[in-house]
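Some notes on the structure that comes next.
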Amino acid sequence: MTTIFHRTTSALTLGLILIIATVVVLPWNAHAASTTASFDTDTLSSVKTKPTIEGEAGGLKTVRVVIESSTGKSVLKKTVRVNKDAWKLRVTKTLKKGIYTITILESSKKNATVLATSTLIIGSKTSSSSSAKSNGIISVSSLPLLAGGTASQGTSVPVAYLKVQNTSSAAVNLEGFTLKQNGSASAANVIGFSTSDDKGGSRTTIGGIESTKQFKNGSAFVPLVASIAPNQVRIFTIKAIMSSDAGTDLGKQLFLDVSGIQANGGVRASLPIRGAAWTLIR
C-alpha cells in the first residue's frame with residue numbers, strides 16, 4: 061500500500077508541475093508579434109495624379125495611411141487592409157503635382173503609433189529604377205555618429221552616415237538618396253553633394269558650382285551608384301557642399317533628412333532618417 065500511495069503521489073506531483081509549467085510558458089510563447097511597416101519606394105513617385113502606393117506591414121490587419129501637403133495640410137486619410145504582409149492604396153482623389161509627406165500609422169486612433177514616414181512625389185517619376193529589377197532586399201539605417209555643429213561658407217559638411225545591408229541572397233543596385241531640407245536656412249545654400257563609402261568603390265561629386273541648384277521644392281536627389289552583394293554591409297557618407305555666400309542665412313540651420321531611397325530591389329528603412337543640425341557661419 062505504501063508503494064502504491066507513493067506512486068500516486070508522484071504522479072499527482074508530476075501533473076501539477078506540468079500544469080504550472082504550462083501556465084508559465086504559454087504567455088511567453090503567445091506574446092503579440094511586433095508591428096512594422098514600410099513603403100515600396102518605387103511607388104512613392106508617379107506621373108499620375110491618382111497613384112497606387114504599396115508597401116509591407118507585419119503583425120497588422122490594417123494600416124492607416126495619411127498624405128499631407130508640403131504645408132502640413134491633410135490631403136488624404138485612409139485605412140488600408142493588410143493581406144499577406146502587404147498593403148496597397150489606390151488613391152481615388154486627384155493630387156496636384158508636387159511633393160507630399162506620406163505616413164503609415166498603426167491604427168486610426170488619435171494617438172496612433174507612427175510606423176513609417178516618407179516623401180511622395182506627384183508629377184514625376186524620379187525614383188524609378190534605371191536598372192533591371194532585383195529580388196534582393198536592402199536595409200538602410202543611420203549610424204549615430206553625426207553631432208552637427210557649425211558649417212562655414214565654402215566648405216563641406218557630412219549630412220548623413222548610412223549603413224546599407226543586403227539581407228537577402230540576391231544583389232541589389234543602390235542608385236541614390238532623396239534629401240529634404242527641414243531647417244530654417246534656404247536649401248540654396250547647398251550647391252552640391254559628394255558621396256563615398258567604406259570600401260572606396262563609390263565616390264561621386266555633383267554640383268559644386270555657385271550657380272547650380274540641387275533642390276526643388278525643398279528636396280534633392282543625390283545619385284549614389286553601388287552594387288550591394290548578398291549579406292554585404294557597406295557604410296556610405298553624404299556631404300553637402302556649401303555656398304561661399306550664405307547672405308542673410310548666417311546663423312540659420314541646415315537640417316537634411318533622408319526622405320527617400322532608390323534601388324532596383326526592396327528597401328527597408330524607417331523614413332525619414334534624421335540628419336544633424338548645422339548652423340551657417342562665415
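Here the sequence shown is numbered in the numbering used here, starting from 61 and rising by one per residue. Where is the CB? At the ideal position from N, CA and C, for every residue including glycine.
Determine the contact status of residue i and residue j, defining contact as a CB-CB distance below 9 Å.
i, j, result
"VAL327", "LEU239", "no"
"ALA329", "SER201", "yes"
"ASN249", "SER130", "no"
"SER199", "ASN233", "no"
"GLY325", "SER228", "yes"
"ALA117", "THR103", "no"
"ALA336", "GLY208", "yes"
"SER105", "GLY320", "yes"
"THR177", "GLU166", "no"
Once the 5 residues before and after residue i are set aside, which same chain residues still bring their CB inside 8 Å of it?
i, result
"LEU203", "TYR221, LEU222, LYS223, ILE295"
"GLN292", "GLN225, ASN226"
"SER303", "GLN213, GLY214, ALA248, ASN249, VAL250, ILE251, GLU270"
"TRP88", "Confidence at TRP88 is low in this model, with a pLDDT of 35, below 50, so the placement of that residue should be treated as unreliable; the coordinate-derived value is given next. Closer than 8 Å at the Cβ level, and outside the excluded window around TRP88, lies no residue."
"ALA192", "ASN324"
"ALA93", "Caution applies to ALA93, whose pLDDT of 48 falls short of 50 and renders its modelled position unreliable; the value that the coordinates give is listed next. Closer than 8 Å at the Cβ level, and outside the excluded window around ALA93, lie GLY118, GLY119."
Among the options, which one has its Cα closest to the Cα of residue i?
i, options, result
"ILE107", "GLY158, ARG334, ALA97", "One detail in the question is off: residue 107 reads as Val in this sequence, not Ile. The shortest C-alpha separation from VAL107 is found at GLY158."
"LEU136", "VAL142, THR152, ALA245", "THR152"
"GLN241", "VAL219, THR103, ASP258", "VAL219"
"VAL140", "GLU128, LYS121, TRP338", "LYS121"
"THR161", "TRP147, LYS148, ALA172, THR179", "THR179"
"ARG307", "ALA323, LEU340, GLN292", "The sequence shown places Gly at residue 307, rather than the Arg named in the question. Checking every option, the nearest Cα to that of GLY307 belongs to LEU340."
"ASP100", "ASP258, SER303, TRP147", "TRP147"
"SER271", "SER256, PRO283, LEU284, ILE251", "ILE251"
"GLY260", "THR297, ASP309, ALA211, GLN322", "THR297"
"GLN274", "ASN171, LYS138, LEU316, ARG334", "LEU316"
"ASP309", "LYS138, ASP258, ALA211, ILE197", "ALA211"
"SER279", "VAL285, ASN143, GLY311, GLY243", "GLY243"
Spatial neighbours of residue i within its chain, please: C-beta separation below 7 Å, excluding the five flanking residues on both sides.
i, result
"ASP305", "GLN213"
"ALA289", "ASN226, ALA231"
"ALA81", "Confidence at ALA81 is low in this model, with a pLDDT of 39, below 50, so its placement is unreliable and no value can be given for it."
"VAL142", "ALA117, LEU120, LYS121, THR122, VAL123"
"ASP357", "Residue coverage of the chain in this structure runs from 61 to 342, which leaves residue 357 outside it and unanswerable."
How long is the line joining the alpha carbons of residue i and residue j, rounded to whole angstroms?
i, j, result
"ASP145", "VAL123", "11 Å"
"VAL132", "LEU206", "Residue 132 is actually Gly in this sequence, not Val. Distance between the alpha carbons of GLY132 and LEU206 is about 28 Å."
"PRO111", "ARG342", "44 Å"
"ILE127", "THR163", "7 Å"
"LEU314", "TRP338", "5 Å"
"PRO332", "LEU175", "11 Å"
"ALA245", "SER216", "16 Å"
"LYS138", "ASN171", "16 Å"
"SER134", "VAL125", "11 Å"
"LEU284", "LYS312", "28 Å"
"ILE197", "GLY119", "20 Å"
Considering only residues of the same chain and omitting the five flanking positions on each side of residue i, which have a CB-CB separation below 6 Å?
i, result
"LEU155", "THR109, ILE182"
"ARG150", "THR112"
"ASN195", "ALA230"
"SER254", "THR265, LYS299"
"ARG263", "SER256"
"SER3", "Nothing can be reported for residue 3, as the shown portion of the chain is limited to 61 through 342."
"ARG334", "ASP317"
Say the cut is 8 Å; is the CB of residue i nearer than that to a heavy atom of the ligand HEM?
i, result
"VAL327", "Ligands are entirely absent from the displayed structure, and the ligand HEM is therefore not among its contents."
Problem set entry | Length-filtered (3 minimum) beta strand (DSSP E) runs lying within the region 209–269 | 209–212, 216–226, 232–241, 250–257, 264–267
For this session: Let me know the alpha helix (DSSP H) ranges lying completely inside the region 130–202, each 4 residues or longer, listed in chain order.
Result: none
Exercise. Enumerated in chain order, which unbroken segments of the alpha helix (DSSP H) with a length of 4 residues or greater are wholly contained in the region 279–315?
Worked result: none
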